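Residues -20 to -1, 1 to 919, numbered by mature numbering (1 follows the signal peptide of the UniProt record, and there is no 0), are exactly what the sequence shown covers, in order. Ideal placement from N, C-alpha and C gives every residue a C-beta, glycine not left out. Quick caveat, the model's predicted, so the values are computed rather than measured. Only one structure is covered here, and it is reproduced in the block below.
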Amino acid sequence: MRRVWLVVLMVLTNVFSSTGIGMDNFTIPDSVNIGVLYSFNTSVGRIVKIAIEAAVEDINSDPSILSKTKLKLSLQEDSKYRGFLSIAEALQLMATHTVAIIGPQTSTTAHVISHIANELQVPLLSFSATDPTLSSLQFPFFIRTAFSDIYQMTAIADLVKFYGWREVIAVYGDDDHGRNGMGALGDKLAERRCKISFKAPMNPEATREEITDVLVQVALAESRVIVLHTSTAWGPKVFSVAKSLGMMENGYVWIATNFLSTRLDIDSPLSSDVMDEIQGVITLRMYIPDSKHKRLFTSRWQNLISGKTANGSLGLSTYGIFAYDTVYVLARALDTFFKQGNQITFSFDSKLSQLRGDNMHLNAVKIFNEGKLLCESIYEVNMTGVSGPFKYTTDGNLVNPAYEIINVIGTGTRRVGYWSNYSGLSIVPPETLYSKPPSRSGVSQKLLTVIWPGETVEKPRGWVFPNNGRLLKIGVPTRVSYRQFVSQVQDTDMFKGFCIDVFLSAINLLPYAVPYKFIPYGDGQRNPSNTELVRLITSGVFDAAVGDITITTERTKMVDFTQPYIESGLVVVAAVKTTESNAWAFFTPFTPMLWTITAIFFLVVGAVVWILEHRLNDDFRGPPRKQIVTTLWFSFSTMFFAHRENTVSTLGRFVLLIWLFVVLIINSSYTASLTSILTVQQLSSPIKGIESLINSKEPIGYLQGSFTRNYLIGEIGIDESRLVPLKTPDESTKALEKGPRKGGIAAYVDERAYIELFLSSQCGFTVVGQEFTRNGWGFAFPRDSPLAVDLSTAILELAENGDLQRIHDKWLLNRACLSQGEKFEVDRLNLKSFWGLYLLCGIACLLALFIYLIQTLNQYTKHCPMEPEPSSVQGSSRSSHFRTFLSFADEKEEIVKRRSKRRQMERISYRSTSEVGSSISNTEYYQSSLNRIDSTNEV
């Protein structure tokens, strides 16, 4: 029996041990099928095949990666633009229990088979499908192992902004890759206040004739900055046609996406004819930092392609490097996947049975059960490959995307800089900037000199006027008043005036010809609305507007304006009359507060000088009445520097010096202010400015057709019923002369440019108050029009060389009455203007009094020593001591000193007398002592 159990135990042990070994072998299979989807007949496809096979060979021979498992490749053709065939090809790969597919090569195919990858949960790793809309959110099993085109389009947008261009033309293949790439470019340009002005899609397999038709339309457009986004095979054809159409000459800018750099890398050196067709083009290349891995792989490349190409020439492109690293990423992910105890299993989808898969040969297509886990392992890969650090961000993109900016020159290329998502444009490699804080400021954005098409280093302007024979339609308002600014020459299509001359002078300074024609706007019976004229630009009726067009907030929301060529804010004009000077006008220069403070200081300074002088100066002594009169006379006579009393004390002279300085400033200011007031009062008006106009209920006139009406109602809040439209200066004159009581207006509000012209011939009116808006006149153009920028530069040049002032003097020369037309406001002087002087004087007085008090107390203590008194009488004695001190302070210092000297002499005399008396007493005592001794002796 024991033998039976022993046999059973051995069998079970053998079974379990066999099961364990088998489990290990099943969990880590001997081989894993990897599908590769690429285009066999393309240069990129041939490079990719060599790079992937080399990576598989390296991995299979490396025991540190997948030591127990070998990678097996299943190659399949990428049919590019044939959607149905792409689906069939993908299904064929997935039917072989493929755990992942490397590819496809094109974004179009990736869009199609990403849906299949989602259903079958097979990771799709693409090194070249850079369409930015291929997102891991929509396609969780699509994994991009190169840089997304969103970064390439950001780099192009930064280039456009760096060179100051506002518009570009997009030429692209009309497929998912082209359309979505240009969509991303449009978004990035909009963020930089630029735009795609014209889109030129082409069939991805267009013929030369079709390409020609599209480029002819591009040549007729305004912009000369062209972005070409297409495939490696089709792009060079576009440059060939552009060269034949003269579109590779001076003035053009061509920016090619990385298809061109790929072509240059793979097929270099290109023939001289091909290189001649792309001279001056800027292209981008995915940046791969220099490293040991890169140098080793580059030197090994020639051995890898040996015998695998017909002519032996097949350069290494960035796609080849990313394809090589893609295999390594997948291998490391599988290695982690297996080490975590996962296994590869497939299951049949029940939904496929409903499609009768047997008839459609779908029986072999199964779901990869652990596909999601493998995707997670791929996103967790953190390695250093040939392409540099390889790591994914949380949004499924590679970290630190960067591009080289390449300029095609002569027989080769020249790198003019770099772009990185970290710091923008730079001339140093991006990896050197990662340790520094990111900076996108204009100063930090740099590129080397570019040689543009036409072999010039001068930056192209980026736009020209469309070469379609169409003239620029410029709307000009037909004014009925103030025709010096703009007016139509009778019976002609010509215009003249200040605004027209400024425009013509500015446009003559442009380095290119501008075909244009003036088109009158208005009925000629009244001044047209300039706001409506500006609005017609937005609707396409006019291409620009020239005239007396004020730059306002409302208008800037519709169009772009040039630099203002004349300043013109709103002012108030009112009728004036000559008036007699007021009998009490001499009080006007100072405010009541200033008068009060000045009078107080006269009294204070007089009192301080009296205190400081009356013990030393006989002029400030005498009966109380005399002292008060003398102090008041001295104080107020300093106003005219006519005081006769001399100051003898140092402190008194110090205070008087400060006070005379204050009086000098007060007198000078008073005289100047009174002179101005008496002069200005010859012209007066009940309206003092916009504030008094708002508070009144009087009617207000304005120029018909100007923005003044809307401003007064909307911004100032004046009731519309108070506004009176006036067509001509004559109407304005009559309305002002009548006044509000006779059916006229109390004031007229208009722009300063008009008012200056109006007052040059109308002497009975004046500007009252200050200019209460700050505006200017400019020429209007559609939004983002480059002509507005160039004309602004020309206007600034006119201002700098003096031509703008000469044009102003020609049309708006000052007339006789203009000097009387301005009313200068003279404000009354207030305490704010002089508080510093009064503060200085007050401090001087306090300081002098403090020093005087210390000196007086010292003298009082010295000359009038206090006798110690019993505590019972100390309280009553304090008042007597204070009275004594006051009496002392009132005495003349000379008398005090004389009395003090006399007392000192008396003390000396008393002390001498006491000493003599003491000597006599001692002698008598001595004599009596002798006499007593003698008497004793006798006894």
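Within the same chain, and ignoring the five residues on either side of Lys217 in sequence, the residues whose Cβ sits closer than 7 Å to its Cβ are Arg188, Ile191.
For Pro666, the closest alpha carbon among the candidates Phe616, Asp129, Pro720 is that of Pro720. Judged by DSSP in its simplified three-state form, Trp281 adopts helix.
DSSP, read as helix, strand or coil, puts Gly527 in coil. The Cβ-Cβ distance between Gly455 and Phe522 falls below 7 Å. With a cutoff of 7 Å on beta-carbon distance, Gly376 and Ser116 are scored as near each other. In this structure, Leu703 lies away from Ser712, with their beta-carbon atoms at least 7 Å apart. Beta-bridge annotation (DSSP): Asn387 is paired with Ile262, Arg394. Setting aside the 5 residues that flank it on each side, Val198 is surrounded in the same chain by Ile149, Val151, Phe178, Ala180, Ile206, Met227, each with a C-beta closer than 8 Å to its C-beta; the list follows chain order. In its chain, beyond the 5 residues on either side, Ile8, Pro9, Asp10, Ser11, Val12, Leu314, Phe318 have a beta carbon closer than 8 Å to the beta carbon of Thr49.
With at least 16 other beta carbons inside 10 angstroms of its own, Pro381 counts as buried. Only residues of its own chain outside the window of five on either side were considered, and among them Gly153, Asp154, Glu190 have a CB closer than 8 Å to the CB of Asn183, listed in chain order. In the assembly as shown, Phe239 is a buried residue. Its beta-carbon has 16 or more other beta-carbons within 10 Å.
For Ala170, the enclosing alpha helix (DSSP H) starts and ends at 156 to 171. Of all C-beta pairs linking the stretch 434 to 451 to the stretch 740 to 751, fewer than three are shorter than 8 Å, placing the two stretches out of contact.
Val36 and Lys371 have their C-alpha atoms roughly 21 Å apart. Under the three-state reduction of DSSP, Lys141 is assigned to helix.
The stretch 192 to 269 contains, as complete beta strand (DSSP E) runs of 3+ residues, the segments 205 to 209, 233 to 236, 262 to 266 (chain order). Inter-segment contact for the stretch 17 to 33 and the stretch 76 to 86 is present: three or more beta-carbon pairs are separated by less than 8 Å. Boundaries of the beta strand (DSSP E) around Asn13: 11 to 18. Using a 10 angstroms sphere on the CB of Arg204, the tally of other CB atoms reaches 16 or more, which defines it as buried. Assigned with DSSP and collapsed to three states, Gln56 falls in strand. Using a Cβ distance threshold of 7 Å, Asp540 and Phe761 count as a contacting pair. In the DSSP assignment, Pro181 falls within the beta strand (DSSP E) that extends over 175 to 182. Here the stretch 455 to 472 lies against the stretch 496 to 513, with 3 or more beta-carbon pairs under 8 Å apart.
The Cβ-Cβ distance between Gly756 and Pro544 falls below 7 Å.
In this structure, Phe483 is the residue among Phe483, Ser889, Ser740 with its C-alpha nearest to the C-alpha of Ile529. Inter-residue distance for Ile831 and Val584 is about 17 Å (C-alpha atoms, whole angstroms). Going by DSSP, Thr773 is part of the alpha helix (DSSP H) stretching over 766 to 781. Rounded to whole angstroms, the separation of the alpha carbons of Glu736 and Thr576 is 42 Å. Only exposed fits Phe567, as fewer than 16 other CB atoms lie within 10 angstroms of its CB.
Here DSSP, grouped into helix, strand and coil, assigns Ile324 to coil. For Asp38, the enclosing alpha helix (DSSP H) stretches over residues 23 to 40. Counting the other Cβ atoms within 10 Å of the Cβ of Ile680 gives 16 or more, which makes it buried. Leu264 and Met162 have their C-alpha atoms some 15 Å from each other. Contiguous beta strand (DSSP E) elements confined to the stretch 481 to 535 occur at 496 to 501, taking only those with 3 or more residues.
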